[in-house]
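Going down the list, the sequences are from chains A and B.
For what it's worth, the numbering used here labels the leading residue of the first sequence as 180, then goes sequentially.
For what it's worth, the numbering used here labels the leading residue of the second sequence as 3, then goes sequentially.
All C-beta atoms, glycine included, are put in the ideal place defined by N, C-alpha and C.
Predicted model only: the values in this text are computed from it and were never measured.
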Amino acid sequence: GEAQRSLTLFFRRA
Amino acid sequence: MFEATFNQASILKQVLEATKDLVNDANWDCSAEGIALQAMDSSHVSLVSLSLRGDELASYRCENQISLGINMNTMTKILKCAENNDRTIIRADDDADVMVFVFESEGRDKTSKYEMKLMDIDSEHLGIPEQEYSATVQMSSKEFSRIVRDLSTIGENVEITVDKEGITFGAKGESGSGTVSLKSNPSVDEGSSNITIDLTDSVKLNFALRYLTFFTKAAPLSDNVSLSLSADVPLMVEYAIGDVGFIRYYLAPKIDD
């Protein structure tokens with residue numbers, strides 16, 4: 180199935 | 003000292019309507035340039051980024067950078083005390099624990115003043131990388147809202163496909179399926195869908211409609227919305243706020259396990 184990714188996987192912590 | 007004056011309360015009202023369903027509490031980061039807000043929803047799937055330029059407001063001053071921790075529901079309630087056309091001033095002293103709202107009626111015969119307690123919010127700030135997108139679609143914000151609403155009756159997710167033909171939104175559910183396609187080269191006839199597509203590569207991505215529904219609350223801010231997509235990166239949905247700034251939403255895609 181399709182899993183919802185977290186945004187934090189794509190964006191670095193500033 | 004921070005003080006921003008809006009000619010009309012309606013912009014702030016609309017900004018709050020566009021954010022309060024995603025974010026309960028957020029820091030309003032005020033600097034000499036203007037007001038910025040960045041916050042993720044509680045499940046860390048989506049992010050809202052608001053930018054308002056001080057020099058495009060009726061008046062603006064902010065000597066020292068200040069982060070104002072705001073409960074968005076409380077601010078929404080206070081803004082409901084203003085008429086849409088009221089001149090609206092928001093103000094906070096350095097190290098203040100309240101934000102002051104002043105609403106002046108069009109005829110300047112009524113002035114209302116409210117104070118809202120500020121909060122300490124420990125928020126996680128993310129660095130959003132500059133991204134070249136494979137496809138950027140500009141379309142009517144009303145049309146986008148309509149499509150999101152219609153497909154939400156069918157399923158929980160939407161598959162967005164952008165290619166040289168246009169953009170297609172598709173949803174599947176237990177009881178059926180639906181697709182809506184908009185062509186990229188609309189006729190000049192009035193009433194055409196009037197979309198423009200900037201495409202370098204075709205893309206097909208899946209997103210949760212629940213979050214797109216929250217994003218469409220920004221439609222009153224702008225007649226147009228832009229959707230930017232690339233494979234395996236978050237969707238960016240942008241509404242311009244006149245010349246004053248923008249509200250951008252990011253939504254992580256659903257990916258096959």
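* **Which listed residue (B/253, B/246, B/230) has its alpha carbon closest to that of residue 36 of chain B** => In the second sequence, residue 36 of chain B corresponds to position 34, counting from 1. Taking residue 36 of chain B as reference, the option from B/253, B/246, B/230 with the minimal CA-CA separation is B/246.
* Within 10 angstroms of its Cβ, does residue 9 of chain B collect 16 or more other Cβ (buried), or is it exposed? -> Here residue 9 of chain B refers to the residue found at position 7 of the second sequence. Burial call: exposed.
* Can you check DSSP and say which residues form a bridge with residue 55 of chain B? => For the purposes of this step, residue 55 of chain B is taken as the residue at position 53 of the second sequence. B/36, per the DSSP bridge assignment.
* To do: Give the residues of chain A in contact with residue 1 of chain B, contact being defined as C-beta atoms less than 7 Å apart.
  => Only positions 3 to 259 of chain B appear in the structure, and residue 1 of chain B is not among them; the question remains open.
* **residue 240 of chain B, buried or exposed, once every other Cβ within 10 Å from all chains shown has been counted against 16** => Along the second sequence, one-based indexing puts residue 240 of chain B at 238. Buried, because 16 or more other Cβ atoms sit within 10 Å of the Cβ of residue 240 of chain B.
* To do: Could you say which of B/71, B/24, B/3, B/12 lies nearest to residue 243 of chain B if we only look at CA atoms?
  => If you number the second sequence from 1, residue 243 of chain B lands on position 241. Closest option to residue 243 of chain B, Cα to Cα, is B/12.
* Asked: Between the region 79 to 86 of chain B and the region 248 to 258 of chain B, do three or more beta carbon pairs fall short of 8 Å?
  -> no
* Asked: Hey, is residue 26 of chain B's beta-carbon within less than 9 Å of any beta-carbon in chain A?
  -> What you label residue 26 of chain B is simply residue 24 of the second sequence in a count that begins at 1. False, the Cβ-Cβ gap to chain A never drops below 9 Å.
* **Nearest candidate by alpha-carbon position, reference residue 21 of chain B, set B/77, B/133, B/67** => Taking the first residue of the second sequence as position 1, residue 21 of chain B is located at position 19. Taking only the C-alpha atoms, the option nearest residue 21 of chain B is B/77.
* Mind checking which residues open and close the beta strand (DSSP E) that includes residue 26 of chain B? => Position 24 of the second sequence, counting from 1, holds the residue named residue 26 of chain B. The continuous stretches of beta strand (DSSP E) do not include residue 26 of chain B, and DSSP gives it neither H nor E.
* Asked: Can you tell which of B/225, B/209, B/55, B/51 has its C-alpha closest to the C-alpha of residue 163 of chain B?
  -> Along the second sequence, one-based indexing puts residue 163 of chain B at 161. The option with the nearest alpha carbon to residue 163 of chain B is B/209.
* Below 9 Å between beta carbons: does that hold for residue 231 of chain B and residue 138 of chain B? -> Here residue 231 of chain B refers to the residue found at position 229 of the second sequence. Here residue 138 of chain B refers to the residue found at position 136 of the second sequence. Closer than 9 Å, so yes.
* Interface residues of chain A around residue 210 of chain B at Cβ under 9 Å? -> On the second sequence, residue 210 of chain B is found 208 positions in, with the first residue counted as 1. What residue 210 of chain B touches in chain A: 183.
* Grab me the residues of residue 95 of chain B's own chain with a C-beta within less than 7 Å of its C-beta, minus the 5 sequence neighbours each way, in chain order. => Numbered from its first residue, the second sequence carries residue 95 of chain B at position 93. 3.
* Can you give me the start and stop residues for the alpha helix (DSSP H) that residue 152 of chain B sits inside? => Here the question's residue 152 of chain B lines up with position 150 in the second sequence. Taken as a continuous stretch (DSSP letters only), the alpha helix (DSSP H) holding residue 152 of chain B covers 143 to 154.
* From residue 99 of chain B to residue 119 of chain B, what does the alpha carbon distance come to, in whole angstroms? -> Within the second sequence, numbered from 1, the residue matching residue 99 of chain B stands at position 97. Within the second sequence, numbered from 1, the residue matching residue 119 of chain B stands at position 117. Each residue's Cα considered, the two are about 6 Å apart.
* Asked: Apart from the five residues on each side of it in sequence, which residues of its chain come closer than 7 Å, Cβ to Cβ, to residue 14 of chain B?
  -> The sequence position of residue 14 of chain B within the second sequence is 12, counting from 1. Sequence-distant partners of residue 14 of chain B (beyond 5 residues in either direction) whose C-beta falls short of 7 Å from its own C-beta, in its chain, are 8, 81, 90.
* List, in order along the chain, the chain A residues whose C-beta lies closer than 7 Å to that of residue 48 of chain B? -> Position 46 of the second sequence holds residue 48 of chain B. 186, listed in chain order.
* Asked: What whole-angstrom Cβ distance do residue 198 of chain B and residue 183 of chain B have, given they're in contact under 8 Å?
  -> Against the second sequence, residue 198 of chain B aligns to sequence position 196. Against the second sequence, residue 183 of chain B aligns to sequence position 181. Under the criterion of beta carbons closer than 8 Å, residue 198 of chain B and residue 183 of chain B do not qualify as touching, at roughly 16 Å.
* Asked: Which of the residues in the region 109 to 140 of chain B, read from start to end, lie with their CB under 8 Å from any CB of chain A?
  -> 126, 127, 128, 129, 130, 131
* Do you know whose CA, among B/220, B/172, B/196, lies nearest residue 249 of chain B's CA? -> For this step, residue 249 of chain B is matched to residue 247 along the second sequence. Looking at the Cα atoms, B/220 is the closest of the given residues.
* Sequence-distant residues of the same chain with beta carbon closer than 6 Å to residue 39 of chain B, five excluded per side -> The residue labelled residue 39 of chain B in the question sits at position 37 within the second sequence. Hits under 6 Å: 28, 30, 52.
* To do: Can you have a look at residue 218 of chain B and say buried or exposed, based on whether 16 or more other CB atoms are within 10 angstroms of its CB?
  => Within the second sequence, numbered from 1, the residue matching residue 218 of chain B stands at position 216. Residue 218 of chain B comes out buried.
* **Identity of the residues DSSP links to residue 219 of chain B by a beta bridge** => Here residue 219 of chain B is taken as the residue at index 217 of the second sequence, counted from 1. In DSSP, residue 219 of chain B forms no bridge with anything.
* Cβ pair residue 42 of chain B, residue 72 of chain B closer than 9 Å -> Reading the second sequence from its first residue, position 40 is the one you call residue 42 of chain B. Reading the second sequence from its first residue, position 70 is the one you call residue 72 of chain B. In this structure, residue 72 of chain B does not lie closer than 9 Å to residue 42 of chain B by Cβ.
* Asked: To which residues of the same chain is residue 147 of chain B closer than 6 Å at the C-beta, ignoring the five residues directly before and after it?
  -> Within the second sequence, numbered from 1, the residue matching residue 147 of chain B stands at position 145. The residues are 218, 221.
* Between residue 174 of chain B and residue 145 of chain B, what straight-line distance do the alpha-carbon atoms span, to the nearest angstrom? -> Taking the first residue of the second sequence as position 1, residue 174 of chain B is located at position 172. Taking the first residue of the second sequence as position 1, residue 145 of chain B is located at position 143. Straight-line Cα distance between these residues: approximately 20 Å.
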